[in-house]
Amino acid sequence: MTTTRFAPSPTGYIHVGNLRTALMNFLIAKKAGGTFILRIDDTDPERSKQEYVDAIQEDLEWLGLTWDRIERQSERLDRYVAAADKLREIGRFYECFETPVELDLKRKKQLNMGKPPVYDRAALALSDDAKAKLRAERGDGHWRFKLDQERITWTDGILGDISIDAASVSDPVLIRGDGQFLYTLASVVDDIEMGVSHVVRGSDHVTNTATQIQMIEALGGTVPTFAHHSLLTGPQGESLSKRLGTLALRDLRASGVEPMALLSLMARLGSSQPVELRSSLDEIAEGFDISQFGSAPTKFDVNDLYPLTGRLLGEMPLSAVADDVAAAGVPADQAEAFWNVIRANITTRKDIAPWWDLFENGAEPVIDAEDVAFVKEAMALLPEGPLDGDSWGAWTKAVKEATGRKGRGLFMPLRKALTGQSHGPDMSEVLPLLKVIKARG
Ligand code: GLU
Numbered sequence: 007m008t009t010t011r012f013a014p015s016p017t018g019y020i021h022v023g024n025l026r027t028a029l030m031n032f033l034i035a036k037k038a039g040g041t042f043i044l045r046i047d048d049t050d051p052e053r054s055k056q057e058y059v060d061a062i063q064e065d066l067e068w069l070g071l072t073w074d075r076i077e078r079q080s081e082r083l084d085r086y087v088a089a090a091d092k093l094r095e096i097g098r099f100y101e102c103f104e105t106p107v108e109l110d111l112k113r114k115k116q117l118n119m120g121k122p123p124v125y126d127r128a129a130l131a132l133s134d135d136a137k138a139k140l141r142a143e144r145g146d147g148h149w150r151f152k153l154d155q156e157r158i159t160w161t162d163g164i165l166g167d168i169s170i171d172a173a174s175v176s177d178p179v180l181i182r183g184d185g186q187f188l189y190t191l192a193s194v195v196d197d198i199e200m201g202v203s204h205v206v207r208g209s210d211h212v213t214n215t216a217t218q219i220q221m222i223e224a225l226g227g228t229v230p231t232f233a234h235h236s237l238l239t240g241p242q243g244e245s246l247s248k249r250l251g252t253l254a255l256r257d258l259r260a261s262g263v264e265p266m267a268l269l270s271l272m273a274r275l276g277s278s279q280p281v282e283l284r285s286s287l288d289e290i291a292e293g294f295d296i297s298q299f300g301s302a303p304t305k306f307d308v309n310d311l312y313p314l315t316g317r318l319l320g321e322m323p324l325s326a327v328a329d330d331v332a333a334a335g336v337p338a339d340q341a342e343a344f345w346n347v348i349r350a351n352i353t354t355r356k357d358i359a360p361w362w363d364l365f366e367n368g369a370e371p372v373i374d375a376e377d378v379a380f381v382k383e384a385m386a387l388l389p390e391g392p393l394d395g396d397s398w399g400a401w402t403k404a405v406k407e408a409t410g411r412k413g414r415g416l417f418m419p420l421r422k423a424l425t426g427q428s429h430g431p432d433m434s435e436v437l438p439l440l441k442v443i444k445a446r447g
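Quick note: the sequence shown uses my numbering, first residue 7, plus one each step.
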């Protein structure tokens, strides 16, 4: 049974980097007919906010990344206590009392001596009396998992064969001095108890994976298949970490990006397969293959989302945009004709209302100095109406005969005079819809 999870911490809005993780896990479950869990990693009560939990759900729903089950770590603390007890029983858990300053000093000393800054396990040598004394002085200690100092290996779904020497990694802290359980243990307990079979996450978690594999084994669980995707960079390869805040999914939504444009891009970016515009998650799942992703950092350019959005809209039937068309004030009986005229010429749904406004209220004419006389002469030849699909052809033919202009020199000044723009739908379709022609003067 394939079970995956997306496990955001609700400490902020989720962004394109998180989306990559969510989407890959979602697609693996979907393709296999398995279960996709949304797990809220909220063991940190100070930084976790309900507002972000709500926002995460809203953002995933916007994209159609619906979950079969939702779990909150803050509601499962008793499970983590039980796991910690078990680790204690089997001698894999020990209490430490160093302060952050002391630990920092140890690290600096090690680095100065050219050694890796790995925790020296000094606390393992403390007698029960010594611990009792420290506890009385400093309060409860923090608890570390005792790694078996051997090589930890796994075959990563993206990175291939990985081997990490556990002796080069500090024993991870699983419970803080204030009693707070850290994600590292909570995640392992959840993955075991929820039967998670595949874990996809960012390559910043590779070391976590090594230690978590030992924890899963110590707790008698089955190690899932791990895959670590590369991190996103900006278009020039620059780090995105500071800018990810501006690439929140809700901001992309507000800027008019279409869900399927974003999903189509993210399902292929960083893989050897080309980006193909898809109209449903089922289609995306069919063509999804995690083994096609590479380990190199993946370049992401937010501007790539707009041409894809425009192409998607161009292919959409009226039914898919009916609400936006109605909200723009288009009467139902004109909606179909209006949409068919504009749909190939818009970038986002935000362009719908301005086109309707242009048809209803006319556009400020744009007339270059050398075209002033020409446009005036042309306007005199434009019939009062009603105008239909043949009007543009008949009119421009008459203007051509009267002025001798042809081609671009004939059509472009007229387009700009009527619509105020140099781009747009076929003018023979635009003209009959223009209720006000300001260029008539
Ligand atoms: N809450 C963790 C994070 O957001 C989850 C990592 C994981 O997938 O295990 O980084």
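All C-beta atoms in this analysis are idealised placements derived from N, C-alpha and C, irrespective of residue type, glycine included.
Keep in mind the model is a prediction, meaning the values are calculated, not measured.
Distances from the CB of Val205 to the heavy atoms of the ligand GLU include at least one below 7 Å.
Separation of Asp257 and Val308 (C-alpha to C-alpha, rounded to the nearest whole angstrom) is 11 Å. Closest in alpha carbon position to Glu143, among Phe103, Phe32 and Ala350, is Phe103. Going by DSSP, Ser301 is part of no alpha helix (DSSP H) at all; its letter is neither H nor E.
DSSP places Ser397 inside the alpha helix (DSSP H), whose first and last residues are Ser397 to Thr409. Cβ-Cβ distances below 6 Å link Leu437 to Leu393, Ser397 and Trp398 in the same chain, with the five nearest sequence neighbours on each side left out; the list follows chain order. Collapsing the DSSP output to three states places Val87 in a helix. The three-state reading of DSSP puts Trp362 in helix, counting H, G and I together. Counting only the Cα atoms, Pro123 lies some 8 Å from Lys112.
Contact check for Leu319 against Ala341 fails: the beta carbons are separated by 8 Å or more. Listed as beta-bridge partners of Trp160 by DSSP are Ile168.
Inclusion of Arg421 and Met433 in the CB contact set at 8 Å is warranted, their separation being smaller than that value.
Annotated three-state conformation of Ile352 is coil, per DSSP.
For Leu287, the enclosing alpha helix (DSSP H) covers residues Leu287 to Glu292. Taken atom to atom, the span from the alpha-carbon of Leu314 to that of Asp171 is near 44 Å. Excluding its 5 nearest sequence neighbours in each direction, Phe294 has C-beta neighbours in its own chain below 7 Å: Leu33, Lys37 and Ala273, listed in chain order. Proximity of the beta carbon of Asp50 to the ligand GLU is not indicated: no heavy atom of the ligand is located closer than 7 Å.
Contact between Trp362 and Val327 does not hold, since the beta-carbon distance rounds to 12 Å and is not under 8 Å. Excluding residues up to 5 positions away in sequence, Leu311, Tyr312, Thr315 and Thr354 lie with their Cβ nearer than 8 Å to the Cβ of Val263 in the same chain.
By the beta-carbon neighbour count (other beta carbons within 10 angstroms, threshold 16), Gln220 is buried. Per the coordinates, the alpha-carbon of Leu255 lies some 42 Å from the alpha-carbon of Gly395. The beta carbon of Ala369 sits closer than 6 Å to those of Thr425 and Gly426, all from its chain and outside the five residues before and after it, given in chain order. In this chain, the alpha helix (DSSP H) harbouring Glu199 covers Tyr189 to Glu199. According to DSSP, residue pairing for Phe306 in a beta bridge does not occur.
Counted as a single uninterrupted DSSP element, the beta strand (DSSP E) harbouring Trp149 occupies residues His148 to Phe151.
Short note on Tyr189: C-beta closer than 7 Å to some heavy atom of the ligand GLU. Scanning the stretch 220-294 for uninterrupted beta strand (DSSP E) segments of 3 residues or longer gives 231-235, listed from N- to C-terminal end.
DSSP assignment within the stretch 84-125 yields the following whole beta strand (DSSP E) runs of 3 residues or more, N-terminal first: 99-102. Shortest gap from the CB of Ser193 to any heavy atom of the ligand GLU: under 7 Å. By DSSP's assignment, His204 forms a beta bridge with Thr231.
Cβ contact annotation for Pro280 (same chain, cutoff 7 Å, sequence separation greater than five): Arg274, in chain order. Ranking Val347, Val331 and Asp210 by CA distance to the CA of Lys356 puts Val331 first. Runs of the beta strand (DSSP E) spanning 3 or more residues and lying entirely within the stretch 14-95 occur at 41-46 and 75-78, in chain order. Just measuring C-alpha positions, the residue of Met322, Asp197, Ala128 and Gln218 sitting nearest Thr8 is Asp197. Under the three-state reduction of DSSP, Arg11 is assigned to strand.
Measuring C-alpha to C-alpha distances from Ala343 to each of Leu440, Ala384 and Lys412 identifies Leu440 as the nearest.
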